[in-house]
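Written below as structure tokens is the structure these notes are about.
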Amino acid sequence: MHVDEVVLQPLRERFGTPTVLTWDGTITDEEWAVATYNPSRTHDVTLFILDPTWRIALIRKPQFAEDVWRPPGGGIKPGEDFVAGAVREALEETGLRVELRRYLVASEVLFRNAGRELPWRTHVFLAETEDEVLAPDDPDEIAAARWGTLDELGGPLRERLLATGRALWRYRVALHDAALARLVPGT
Numbered sequence: 001m002h003v004d005e006v007v008l009q010p011l012r013e014r015f016g017t018p019t020v021l022t023w024d025g026t027i028t029d030e031e032w033a034v035a036t037y038n039p040s041r042t043h044d045v046t047l048f049i050l051d052p053t054w055r056i057a058l059i060r061k062p063q064f065a066e067d068v069w070r071p072p073g074g075g076i077k078p079g080e081d082f083v084a085g086a087v088r089e090a091l092e093e094t095g096l097r098v099e100l101r102r103y104l105v106a107s108e109v110l111f112r113n114a115g116r117e118l119p120w121r122t123h124v125f126l127a128e129t130e131d132e133v134l135a136p137d138d139p140d141e142i143a144a145a146r147w148g149t150l151d152e153l154g155g156p157l158r159e160r161l162l163a164t165g166r167a168l169w170r171y172r173v174a175l176h177d178a179a180l181a182r183l184v185p186g187t
């Protein structure tokens, strides 16, 4: 795994120590296919991109139901600077120029399926933007992007993700909950 302690330690020094979230869950064959489509990748970075009024950027991928939205993110390429990769993912998925501010959550996950195990890590960062227009540049990957609120992410969108019954969405909800808790003043 190329996003290892050598990469993560300077991030913690620069952006703060994240909350550690452990998660272990059984996923369906379909979810396993999603999680392993790139077998060399066992991580993602998720970005809580806020504008000056604290709206949060949300994306919907083509395979998502119309009412399923989540914060953007993706993978850091081997040899790519982590911060540069996160900024690149933000630009690709939302069209927003961002600056990372805080390391909110680091997950340690074990996805299970039919006797197989996939260790996974998600790194959730708070990012800020002055940009107002969401304009994803890859319609094959991103069906739509929009502004939402933190209350929406922790309320109706949370409930919608849980209602799917999918383990990967339960995992995303756990990530969102942990990150939202870190955005409370004093955390």
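If you're matching positions, the sequence shown starts at 1 in the working numbering and goes up one per residue. C-beta atoms are modelled at their ideal positions from N, C-alpha and C, and glycine is treated no differently. The model shown is predicted, which means the values in this text are computed figures rather than measured ones.
Inset, instruction - Please go through the same chain and pick out, in chain order, the residues whose beta-carbon is closer than 8 Å to the beta-carbon of Glu132, but skip the five residues on each side of it. - result: Within the sequence shown, residue 132 is the residue found at index 132, counting from 1. Asp51, listed in sequence order.
Inset, instruction - Tell me whether Arg41 sits in a helix, a strand or coil according to DSSP, three-state version. - result: Taking the first residue of the sequence shown as 1, we reach residue 41 at position 41. In this structure, Arg41 counts as coil in the three-state DSSP scheme.
Inset, instruction - State whether the region 97 to 110 contacts the region 26 to 39, with contact taken as three or more CB pairs (one from each stretch) at a distance under 8 Å. - result: no
Legend entry - Cβ neighbours of Trp54 in the same chain (closer than 8 Å, five flanking residues each side left out): Your numbering for residue 54 matches position 54 in the sequence shown. Counting only Cβ-Cβ distances below 8 Å, and skipping sequence neighbours, we find Thr149, Leu150.
Legend entry - Below-8 Å beta-carbon distance, Ala90 vs any chain C residue: Reference to chain C is not applicable here, since this structure consists of a single protein chain.
Legend entry - Which of helix, strand or coil DSSP assigns to Asp29: The residue given as residue 29 occupies position 29 in the sequence shown. Asp29 falls in the helix class under three-state DSSP.
Legend entry - As assigned by DSSP and simplified to three states, the class of Ala178: Stepping through the sequence shown from its first residue, residue 178 is reached at position 178. If DSSP states are grouped into helix, strand and coil, Ala178 belongs with the helices.
Legend entry - Beta-carbon proximity list for Leu11, same chain, < 7 Å, skipping 5 on both sides: Looking up residue 11 in the sequence shown gives position 11. Cβ within range, chain order: Phe82, Tyr103.
Legend entry - Contacting residues, own chain, Cβ-Cβ under 6 Å from Ile59 (five flanking each side not counted): Locating residue 59 in the sequence shown gives position 59, where the first residue counts as 1. Pro72, Glu93, Ile142, Ala145, listed in sequence order.
Inset, instruction - Locate the beta strand (DSSP E) running through Glu128, then write down its first and last residues. - result: As a first step, residue 128 must be located in the sequence shown, where it is residue number 128. Segment 116 to 128, the beta strand (DSSP E) holding Glu128.
Legend entry - Outcome for Asn113 when other beta-carbon atoms lying within 10 angstroms are tallied against a minimum of 16: Reading the sequence shown from its first residue, position 113 is the one you call residue 113. So Asn113 ends up on the buried side.
Inset, instruction - For the alpha helix (DSSP H) holding Val184, just list the boundary residues, first then last. - result: Along the sequence shown, read from residue 1 onward, the residue named residue 184 stands at position 184. Per DSSP, Val184 belongs to no alpha helix (DSSP H) and is neither H nor E.
Inset, instruction - Leaving out five residues on either side along the sequence, give the residues of the same chain with a beta carbon under 7 Å from the beta carbon of Leu188. - result: Limits of the chain in this structure are 1 at one end and 187 at the other, which puts residue 188 out of reach.
Legend entry - Delimiting residues of the alpha helix (DSSP H) encompassing Arg12: In the sequence shown, residue 12 corresponds to position 12, counting from 1. Where Arg12 is concerned, the enclosing alpha helix (DSSP H) stretches over 5 to 15.
Legend entry - C-beta atoms of Glu128 and Glu99 nearer than 8 Å: Indexing the sequence shown from 1 puts residue 128 at position 128. Indexing the sequence shown from 1 puts residue 99 at position 99. The answer is yes: Cβ separation under 8 Å.
Legend entry - Residues near Ala201 in its chain [Cβ-Cβ closer than 8 Å; skip 5 each side]: Because the chain spans 1 through 187 in this model, residue 201 falls outside it and cannot be assessed.
Legend entry - Residue interval of the alpha helix (DSSP H) (run including Arg160): Along the sequence shown, read from residue 1 onward, the residue named residue 160 stands at position 160. From DSSP, the alpha helix (DSSP H) with Arg160 extends over 156 to 163.
Inset, instruction - Could you check if Gly74 is buried or exposed, using at least 16 other CB atoms within 10 Å of its CB as the buried criterion? - result: Taking the first residue of the sequence shown as position 1, residue 74 is located at position 74. With 16 or more other Cβ atoms within 10 Å, it is buried.
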